[in-house]
Structures are given as structure tokens and as C-alpha cells.
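Going by full-length UniProt numbering, the sequence shown opens with residue 1, and the numbers climb by one from there. Even glycine gets a Cβ: it sits at the ideal position worked out from N, Cα and C. Note that the coordinates shown come from a computational prediction; the quantities given were computed from them, not determined experimentally.
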Amino acid sequence: MPGVHHLIDFAQPEVFPNMLEERVCDYVSDRRWDLNRIAVVLGDDWIPVFRSTKTPEPEMGEDILAWLLTSDGAFSIKSACSLYLSPSDNSKAKLFSKIWKLEAPQRLHTFCWLVANEVLLTNEIRVKRNMTHDGSCVSCGEAIESMFHVIRDCRVARQTWMSIDTRLRFGNFFNTPLLPWLLENLSSQSLFKGVHWPLLFVCTMNALWLRRNKVIFDSDEAVAENSIHFLAFRLAKDYSMAQLELAQSRKKKEIDLHDTRSLVLAIRNRCSRLTSWNIHHQFREANTCADRLAHFGHSLPSGCHIFFTLPSCISLAFHADSIGIALPRVVSI
1 MPGVHHLIDF
11 AQPEVFPNML
21 EERVCDYVSD
31 RRWDLNRIAV
41 VLGDDWIPVF
51 RSTKTPEPEM
61 GEDILAWLLT
71 SDGAFSIKSA
81 CSLYLSPSDN
91 SKAKLFSKIW
101 KLEAPQRLHT
111 FCWLVANEVL
121 LTNEIRVKRN
131 MTHDGSCVSC
141 GEAIESMFHV
151 IRDCRVARQT
161 WMSIDTRLRF
171 GNFFNTPLLP
181 WLLENLSSQS
191 LFKGVHWPLL
201 FVCTMNALWL
211 RRNKVIFDSD
221 EAVAENSIHF
231 LAFRLAKDYS
241 MAQLELAQSR
251 KKKEIDLHDT
261 RSLVLAIRNR
271 CSRLTSWNIH
281 HQFREANTCA
291 DRLAHFGHSL
301 PSGCHIFFTL
311 PSCISLAFHA
321 DSIGIALPRV
331 VSI
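If you want it as C-alpha cells, here you go:
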């Protein structure tokens, strides 16, 4: 039945072994549903459901497999992804959305994605893969080096986070599980010394991980413990400044190359001479012919209509468009 996984789940009497072999067609008699038998097994509430459902017909061919999550039974990637991202995974889907929409370099997007999936190659994982015999933290040596230990729980990591903001020690920053911890910090709208917290947050995690790698593979160039937060803040600040300069450069370039550059400059010049001024945008129809044809189509019967001559409803609009007449309209903003 459409929308129903197993009818046996709704059976009212005891289900006997011989009933398990029954098929839907066994409840059809002379191409009609055997409603009396259905009522005994499923109850009277199911009678309207069966009445609204077409009975199986042998001449329609053998049964085929159908995908339950689509109305036509055809498999689709979208429905499969919806099944994979079940309600219990909604928070993870929201987290990944935050990660990829973060205004940060692509490498930080990738790094944050690896953190969210807990696939960074820590000593804990290296031991499991027989890549090393020592799974302890290389920075503090006080615990097994898990991913969460490196980026937050290690003594060095805690010192780094509290060097950035001492208020973190009083909240739940060091007690929250991984996914809620990431989602909460990536969703923050706060600024820290002119830098958006989500960007500084990811830069700090990345600085901790890079420092850990330097300690293992190139200890001579490892950043000092008390300098990690300076490195993270500098990276975040430099990227913020680069984004600001790029945005300003894009705006200037757009104005310089736009067809209405001279008009925009003239408006700026006039406005600079005034003590106070307001600008109101007046919308204009982009294509009056298409707009009127759409309205005209509602009065026509369904199907494809081909016009060999210009419909009278768009005659004026067509000629106005051809010579460039503007039709202003006032709207509230």
C-alpha cells in the first residue's frame, strides 16, 4: 500500500504462520477488494484506504521493485540523501552548512570538515593503524592524544583558548561535546577585537593542529606554547583585512566598468554638495511583453499555443519595447 511499510504491523488479530505467505492479490476477488476479509484482518478503518487504491491486475505484468521515498517509485539522489540525513542527523547537516558558508580560506573549510568528522590523524588513530606505539599527547604527555584533546582539552590548548578570552573558563566551552561545541561557536555573531569569532575559532583550532604537527615532524620550527594565540589571531585578522580590501576593490571595479558609470559619478557629485539627501529606487518592468503574455495565458485552455500574428494584448507593449520606452511604476520600499 502507498505510504505503508508493512501491513502486518497493523493486523488486529493474531498473525498465524500461514498468513505470512499471503500476498495482496489474495485479498482481491473478481478484480475487487475483498473488503469483508480486509476488515477482519485490519479493521474497518482501512476500508476507505483500499477503496481508494486500485486493485492489482495480472495483465499489468510482474511486480517490480519501487523506491519508497518517492511518489513514482523511482530512485533519486535527493531522496537518498534525505534518508541518510535523518532527523537525528539534522544538527550535523546544519553544522556542515555552517562550515561551508564560513567566510574563510578553503583550506580552513576542509580542516573544519575533518574535525567535524573526527578523522584527523592523531596519535590515538596512528596507534590503531600500527603507525606508532605511543598514543600519548606530544604536547603535554598527560593523556591519550585524541582529536578533541589536541584542539581543546590539552593543557596547551586550554592555555591558548584562555589567552584569547579569559571568559571562556566560566562557561561551558570546555565541557560541551564536539558537534554542539562546533555548531555553537560557528554560529556565533560576536566580534573579538574586530574579528568575527567563527573565523578566529577555526584559525585557533588550525593553529593548534599545525603546532602539534611541527612538534612531531619538525620540532625546531614549532611555535612556542604562549604564542599560538597570537598566530591564530594574526591569521584571522590578515584574512579579514584581505576580504575587506577585496570587497572594496570589487565594488570600485564594478562601478568603473558599469554602463552607468558616468551617471553614478554625477549622482555622487551632486549628493556631495548637499547637507542631507535621500535616494529612492523606482522599479521598471524588465520585459512587459512577457509579463502581459503570462497574464493572457491564464485565459487560454491548457496546451501549447502558437501565434502567427501579434496578439492584440501585447501590441502596444511590443512596440514600446522595440523603441525603448520605459514604463515606471512606484512601489513601497
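- Listed in chain order, the beta strand (DSSP E) runs fully inside the stretch 119 to 166 amount to none, counting runs of at least 3 residues.
- Straight-line measurement puts the Cα of Val264 at about 29 Å from the Cα of Cys289.
- In the three-state DSSP reduction, Leu235 falls in the helix class (H, G or I).
- Taken in chain order, the whole alpha helix (DSSP H) runs of length 4 or more contained in the stretch 27 to 63 are 35 to 42, 47 to 51.
- When the five nearest sequence neighbours on each side are left out, the beta carbons in the same chain lying within less than 6 Å of the beta carbon of Ala232 are those of Cys203, Thr204, Ala207, in order along the chain.
- If you draw a straight line from the Cα of Leu114 to the Cα of Trp67, it comes to about 32 Å.
- Boundaries of the alpha helix (DSSP H) around Asn213: 197 to 217.
- The DSSP-derived three-state label of Phe307 is coil.
- Taking C-beta atoms as the reference points, Glu118 and Met162 fail to come closer than 7 Å.
- About 16 Å separates the beta carbon of Arg152 from that of Phe170, a gap too long to meet the 8 Å contact definition.
- DSSP lists no beta-bridge partner residue for Leu108.
- DSSP places Leu69 outside both helix and strand once states are collapsed to three, so it counts as coil.
- Distances from the CA of Ala236 to each of His196, Ser227, Val215 were compared; the closest alpha carbon is that of His196.
- For Cys81, the enclosing alpha helix (DSSP H) has its first and last residue at 77 to 84.
- About 16 Å separates the beta carbon of Arg212 from that of Val127, a gap too long to meet the 8 Å contact definition.
- Checking the DSSP bridge columns, you'll see Leu191 partnered with His196.
- Counting C-beta atoms within 10 angstroms of its own C-beta, Leu121 has fewer than 16 neighbours from the protein chains shown and is therefore classed as exposed.
- Taking C-beta atoms as the reference points, Asn123 and Glu145 count as a pair closer than 7 Å.
- Contact between Phe201 and Asn185 holds: their C-beta atoms lie close to 5 Å from each other, under 8 Å.
- Of the residues Arg31, Ser71, Leu65, Ile47, the one whose Cα lies closest to the Cα of Pro56 is Arg31.
- Straight through space, the alpha carbons of Asp45 and Tyr27 are spaced by roughly 16 Å.
- By the criterion of a C-beta distance shorter than 8 Å, Ala39 is surrounded in its chain by Trp46, Ile47, once the five residues flanking it on both sides are discounted.
- Counting every other CB atom within 10 Å of its CB across the protein chains shown gives Leu316 a total below 16, marking it as exposed.
- Counting along the chain, Ala290 sits inside the alpha helix (DSSP H) bounded by residues 288 to 297.
- Shown here, Arg273 sits in coil according to DSSP, grouped into three states, outside any helix or strand.
- Counting other Cβ atoms within 10 Å of its Cβ, Cys304 stays below 16 and is therefore classed as exposed.
- C-alpha of Thr132 to C-alpha of Ile64: approximately 52 Å in a straight line.
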